[in-house]
Each structure stands twice: as C-alpha cells, then as structure tokens.
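*Asks:* This structure is in structure tokens; I'll ask about it shortly.
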Amino acid sequence: MATRNLSDYDPDLIPDASGMRFGIVVADWNSQVTHALLDGAVKTLVRHGVKDEDIIVSHVPGTFELTVAGQWMAEYEDTDGVICLGCVIQGETPHFTYICEGVTRGITQLNLDYNIPFIFGVLTTLNLQQALDRAGGIHGNKGDEAAVTAIKMAYLQRRMEK
Numbered sequence: 218m219a220t221r222n223l224s225d226y227d228p229d230l231i232p233d234a235s236g237m238r239f240g241i242v243v244a245d246w247n248s249q250v251t252h253a254l255l256d257g258a259v260k261t262l263v264r265h266g267v268k269d270e271d272i273i274v275s276h277v278p279g280t281f282e283l284t285v286a287g288q289w290m291a292e293y294e295d296t297d298g299v300i301c302l303g304c305v306i307q308g309e310t311p312h313f314t315y316i317c318e319g320v321t322r323g324i325t326q327l328n329l330d331y332n333i334p335f336i337f338g339v340l341t342t343l344n345l346q347q348a349l350d351r352a353g354g355i356h357g358n359k360g361d362e363a364a365v366t367a368i369k370m371a372y373l374q375r376r377m378e379k
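Quick note: to get my numbering, add 217 to the position in the sequence shown (first position is 1).
Here's what the structure looks like:
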C-alpha cells in the first residue's frame, strides 16, 4: 500500500496562523525520528505565520508521556492547540500495542476534556526505516502534517466561536 507524501499540501488552503500560539510536546525516545518531526512542525508553523516566540516546545522521555505533558501544556500555557509528536516502533513484545493504545486514548481524551485541539503526530511503524521515511524521508514529514492540522483546527475553533 502506498503512502502519500505527508508534506504535500496546498499552502493556499491553509489559514493564516498569525497571532496563533501552539504548544508542541515531543518524545525524546527515537530522537532521530521525533526531532525531525519537531523540525518539520516548527518550520511549517512559522511558514504559515506563527512567530517563533509563540511556539512552546516541551520534551518528554517517551511517547507514553505525551498525554500528561499535553495536559500540562493546556493547563499552564495559553495555546490555541497542542501538537503531540512521538514514534513507537514495533518490537518483539506487546509493549508496542500498549503504548500505542494508551497514547491514542490519552490524546483523544485530551481533545474531549479541553477546549483546544490536540494533534496526534505519533508514528506507529513496523521498523526504523518506515519511521525515517515519514520523518523527512520519502514520504515527507508527519510533523508538517501535524502542524497543518493544528492550524486548521485552531482556525476552525476561532471561526466557530465568533
């Protein structure tokens, strides 16, 4: 099954993000991948008008910790949305399944509990190469996609609140 390029989007369809403020929580486990996701997300936010000082980045040890860090970001920072970036690579034990299920449920719950969007920018791959392919490799960068989603969701919320 082919995967589309995650960085391929029409920039004319992205709202102006000037004046928006975003939090990014990024897992340091699999940092070769997650830090590339972070780089893509930050560059995309800036490209669409977010000022550097309006991007708050917090690092956590692993993907499982993204949910509580996302919660803290929502509680202690004034943001229009939180982007959660991580990478879980399939191993030989059920650990992969537990982490993926927990983080997916956790980020979903954050979206329901807080009045801002939380963006799921977590790669769940079978191997390191698949992750690298989606973190600036042949399939683009999931960080770009997460940032575009954050902008669109924050814009939608602002529009609906009017």
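A virtual CB, placed ideally from N, CA and C, is assigned to each residue, including glycine.
1. Considering Phe-337, what are the terminal residues of the beta strand (DSSP E) in which it resides?
2. Using the rule of at least 16 other Cβ atoms within 10 Å of the residue's Cβ for burial, across every protein chain shown, is Thr-280 buried or exposed?
3. Our contact map puts Leu-230 next to Ile-241 with C-beta atoms below 8 Å; I'd like the distance itself, whole angstroms only.
4. Exposed or buried, Ile-336, counting other C-beta atoms within 10 Å across all chains shown (16 or more means buried)?
5. Of all the alpha helix (DSSP H) runs that stay within the bounds of the region 272-327, which reach a length of 4 or more residues?
6. Within 10 Å of its beta-carbon, does Asp-233 have 16 or more other beta-carbons around it, so buried, or fewer, so exposed?
7. Restricting to Cα atoms, I'd like to know which of Ile-368, Lys-379 and Arg-375 is closest to His-265.
8. Hey, could you find the ends of the alpha helix (DSSP H) Ala-364 is sitting in?
9. Quick one: grab the DSSP three-state call for Val-242.
10. Is the distance from the Cβ of Gly-360 to the Cβ of Val-263 below 9 Å?
11. Look at the alpha carbon of Lys-268 and the alpha carbon of Gly-236, and state the distance between them as a whole number of angstroms.
12. Tell me the residue span of the alpha helix (DSSP H) that contains Gly-257.
*Replies:* So, from the data block:
1. Segment 335-342, the beta strand (DSSP E) holding Phe-337.
2. A residue is called buried once 16 or more other Cβ atoms fall within 10 Å of its Cβ, and Thr-280 is buried on that count.
3. Actually they do not touch by this definition, with Cβ atoms about 22 Å apart.
4. Result: buried.
5. Secondary structure in the region 272-327: the alpha helix (DSSP H) runs of 4 residues or longer, each lying completely within the stretch, are 283-293 in chain order.
6. Exposed is the call here.
7. When the alpha-carbon of His-265 is set against those of Ile-368, Lys-379 and Arg-375, the nearest one is in Ile-368.
8. If you look at Ala-364, you'll find it in the alpha helix (DSSP H) that goes 359-378.
9. DSSP places Val-242 in strand when its eight states are reduced to three.
10. Between Gly-360 and Val-263, the C-beta spacing is not below 9 Å.
11. Cα-Cα distance, rounded: 8 Å.
12. Run containing Gly-257: 248-264, per the alpha helix (DSSP H) assignment.
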